[in-house]
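According to this note's numbering, the residues represented by the sequence shown are 2 to 376, in order.
Yeah, the Cβ is synthetic: ideal placement off N, Cα and C, and Gly gets one too.
Computed from a predicted structure; not experimentally measured.
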Amino acid sequence: MNSKYEPLFEPVVLPNGVELRNRFVLAPLTHISSNDDGTISDVEVPYIEKRSKDVGLAINAASNVNDVGKAFPGQPSVAHDSDIEGLKTLAQAMKKNGAKALVQIHHGGAQSLPNLTPQGDVVAPSPMTLKSFGQEEAHDAREMTSDEIEQTIKDFGEATRRVIEAGFDGVEIHGANHYLIHQFVSPYYNRRNDVWADNLKFPMAVINEVVKAKKEYASDDFIIGYRLSPEEVESPGISMEITEQLINQIANEPLDYIHVSIMDIDSETREGKYKGENRLKLIHHWINGRMPLVGIGSVFTPDDALHAVNDVGVELVALGREILLDYDFVGKIKDGREDEIINEFDPNREDKHHLPPNLWQQFNEGFYPLPRKDK
């Protein structure tokens with residue numbers, strides 16, 4: 002290994018005492034490759050095993066906690082006990098080479114797709130009309146009742162129980178990317194006038210339910226993480242001032258890390274009193290050492306990862322698009338073969354980057370922004 006990359010392979014100890022072998026995290030990537038009923042498919046197991054083999058922490062794709070929360074075709078489910086058997090296979094594959102394996106527990110809220118939910122029902126904090134994943138026509142989302150909110154919170158707890166029974170090392174609570182938990186935090190989505198108008202009440206209730214499930218069903222070394230989006234373009238939307246309030250709340254909870262969802266590790270605050278400041282540096286300051294921060298966003302080279310740790314200051318670096326392009330990204334750095342890293346999409350590769358067919362097709366059609374060899 003090139004000695005300058007040694008900091009990337011330092012172990013990281015989480016608040017619960019679990020040690021991660023290095024600073025690399027497999028981001029929870031939408032692979033649209035599970036079976037139609039949400040059970041684990043034969044295609045996704047080798048895909049996730051390859052990308053888990055060298056990281057310290059591996060997080061599976063967003064997995065819906067109930068049927069009305071399904072937001073993607075081919076989305077894995079943790080909504081039913083019948084899902085557990087396939088999840089066991091997935092956990093074994095992800096943990097096979099020493100990574101800690103997590104499931105990201107998720108509810109699409111307004112972003113759920115009517116063609117994937119029972120009776121086409123889509124629920125949200127407040128009624129709205131919008132387009133979601135791959136849609137050409139907008140759909141309607143209705144306001145959740147108080148009973149439905151309470152049941153959804155319980156569903157996050159039950160999903161955690163299933164993840165534990167399947168043998169995973171933890172869960173990541175998906176509070177980012179305009180999905181249900183994010184929607185409750187956002188004044189754009191949450192326009193309620195009842196107790197749930199408090200934008201921090203729902204995320205805190207979910208955290209408490211997940212922690213309760215851990216205490217009942219798992220050991221102390223079960224990992225709980227939380228993912229958030231720090232700022233949104235909608236107005237009035239989530240601002241960095243709102244995110245500061247959220248961080249100050251959740252960083253006092255028995256969580257093991259906070260994961261920030263952004264497209265660039267160096268992205269800057271859009272507006273407000275923190276305008277122009279690096280988002281990750283701000284959040285790292287607000288966490289104030291209470292737990293590790295996971296940063297992500299346009300990390301395509303070893304030097305990008307090193308910059309995230311040394312200059313931005315994050316403890317953990319999540320790999321998204323790059324580890325899809327080259328599942329051996331971490332291994333090549335470790336072996337001093339960084340000049341062999343693949344960091345462009347090549348539609349003519351015979352191995353198709355070892356991607357499941359549906360995900361390769363999305364890459365080929367330009368669904369995600371990424372470097373391409375044919376452009």
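Endpoints, the alpha helix (DSSP H) within which M241 is located: M241 to I251
Where the beta strand (DSSP E) containing T130 begins and where it ends: M129 to L131
Span of the alpha helix (DSSP H) around Q105: Run containing Q105: none in the alpha helix (DSSP H); it sits in the beta strand (DSSP E), K101 to H107.
For G171, the three-state DSSP class (helix, strand or coil): strand
Close Cβ partners of Y6 (< 6 Å) along its chain, the five nearest in sequence each way excluded: P303 and I334
Whole alpha helix (DSSP H) elements within the region 216 to 304, 4-residue minimum: 241 to 251 and 280 to 288
contact_flag[the region 79 to 98, the region 150 to 167] where n(CB pairs < 8 Å) is 3 or more: yes
Residues that DSSP places opposite H140 in a beta bridge: L131
C-beta contact flag for D170 and F223 at 8 Å: yes
E316 (DSSP reduced to helix, strand or coil): coil
N36 Cβ short of 7 Å to the ligand ADP heavy atom set: No copy of the ligand ADP appears in this structure; indeed no ligand is present at all.
Ordered list of alpha helix (DSSP H) runs contained in the region 171 to 201, each at least 4 residues: 181 to 186
L103 beta carbon less than 8 Å from that of V211: no
Residues of its chain near D141, where Cβ-Cβ distance is below 6 Å and the 5 sequence neighbours each way are ignored: T130
Three-way DSSP call (helix, strand, coil) for I60 in this model: strand
Under the three-state DSSP convention, the category R24 falls into: coil
Beta bridge counterpart(s) of V124 as assigned by DSSP: R143
Identity of the residues DSSP links to F157 by a beta bridge: Paired residue(s): none; F157 is not in a bridge.
S42, DSSP secondary structure in three states: coil
Simplified DSSP state of R350, which is helix, strand or coil: coil
Closest by C-alpha distance to L184, when choosing among I239, G135, Q136 and V207: Before going on, a small fix: residue 184 reads as Gln here, not Leu. Among I239, G135, Q136 and V207, the Cα nearest to that of Q184 is on I239.
Minimum C-alpha distance to Y258 - residue among A306, E316, V300 and P231: E316
Identified DSSP bridge partners for N65: S78 and H107
Whole-angstrom distance between N116 and R386, CA atom to CA atom: An answer regarding residue 386 cannot be provided, because it is not within the stretch 2 to 376 covered by the chain.
Local Cβ density within 10 Å of N61, reported as buried at 16 or more and exposed below that: buried
N- and C-terminal bounds of the alpha helix (DSSP H) containing R322: R322 to L326
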